[in-house]
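These protein sequence lines are chains V and Y, in that order.
For reference, each letter of the first sequence is one residue, going 1 to 114 in my numbering.
For reference, each letter of the second sequence is one residue, going 115 to 227 in my numbering.
Backbone N, C-alpha and C define an ideal beta-carbon position, used for all residues, glycine too.
The model shown is predicted, which means the values in this text are computed figures rather than measured ones.
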Amino acid sequence: KAGVTQTPRYLIKTRGQQVTLSCSPISGHRSVSWYQQTPGQGLQFLFEYFSETQRNKGNFPGRFSGRQFSNSRSEMNVSTLELGDSALYLCASSLAGISSYEQYFGPGTRLTVT
Amino acid sequence: AQSVTQLDSQVPVFEEAPVELRCNYSSSVSVYLFWYVQYPNQGLQLLLKYLSGSTLVESINGFEAEFNKSQTSFHLRKPSVHISDTAEYFCAVEEAAGNKLTFGGGTRVLVKP
Chain V
1 KAGVTQTPRY
11 LIKTRGQQVT
21 LSCSPISGHR
31 SVSWYQQTPG
41 QGLQFLFEYF
51 SETQRNKGNF
61 PGRFSGRQFS
71 NSRSEMNVST
81 LELGDSALYL
91 CASSLAGISS
101 YEQYFGPGTR
111 LTVT
Chain Y
115 AQSVTQLDSQ
125 VPVFEEAPVE
135 LRCNYSSSVS
145 VYLFWYVQYP
155 NQGLQLLLKY
165 LSGSTLVESI
175 NGFEAEFNKS
185 QTSFHLRKPS
195 VHISDTAEYF
205 CAVEEAAGNK
215 LTFGGGTRVL
225 VKP
């Protein structure tokens, strides 16, 4: 079974631009969560989608948004990029989004904002 | 809101020596507890988890962790480490009613020959 895939793996953007990252969950998984990893703040939860609905949200500004499609693939978008948005963005999928199900992480997208 | 503290940011250890990574959490509700490992340039892999039942949980590669409710801790141990255990280890908690992981700051383990 293929794992969680994220595209692109690396991205360089300029301040003020916007970016869209993509995550394809493991087949059959309906929940997708996004996390931001930085050296200063560590791993922080962005949001979780289940059956195309945002079910949970972390403490990030509205510039960070996401969506989930009917095939469970998810995208996250960051508008008006700031230098501090440079990070590794990880997505994770799980079967039904219930706590007892393991979250499987993708390799991440490394975003660099210059 | 829950929080997770990993007391050591870096732990150097010699090959075949034991290692313990400390994790304490705070939460006002029941939680599930996890340890994840991250190898360089990779995503996170689940090492082990505590959901309920026996407070001692083990992984297939020799790690174990013990849930201590009174001390709100979930320390990770391995009796004999290998070079391949060099990685960053993250403790995480999840409220029993939610699907959002709160991570500790991570502990870098460097295994020396």
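Comparing alpha carbon positions, the residue from Y/Tyr150, Y/Leu165 and Y/Thr186 closest to Y/Phe177 is Y/Tyr150. The contact set of Y/Lys214 on chain V, defined by CB atoms closer than 8 angstroms, consists of Ser33, Phe45, Glu48, Asn56 and Gly58 in chain order. In this structure, Y/Ala206 places its C-beta atom within 7 angstroms of the C-beta atom of Y/Phe217. Taken atom to atom, the span from the alpha-carbon of Y/Asp199 to that of V/Gly66 is near 35 angstroms. V/Trp34 and Y/Glu129 have their C-alpha atoms spaced approximately 35 angstroms apart. Beta-bridge annotation (DSSP): Y/Tyr153 is not paired with any residue.
V/Gln68 is a Cβ neighbour of V/Glu52, given a cutoff of 7 angstroms. Within chain V, the residues Gly42 have their CB atoms less than 8 angstroms from the CB of Y/Gly219, given in chain order. Y/Gln185 and Y/Lys192 have their C-alpha atoms spaced approximately 20 angstroms apart.
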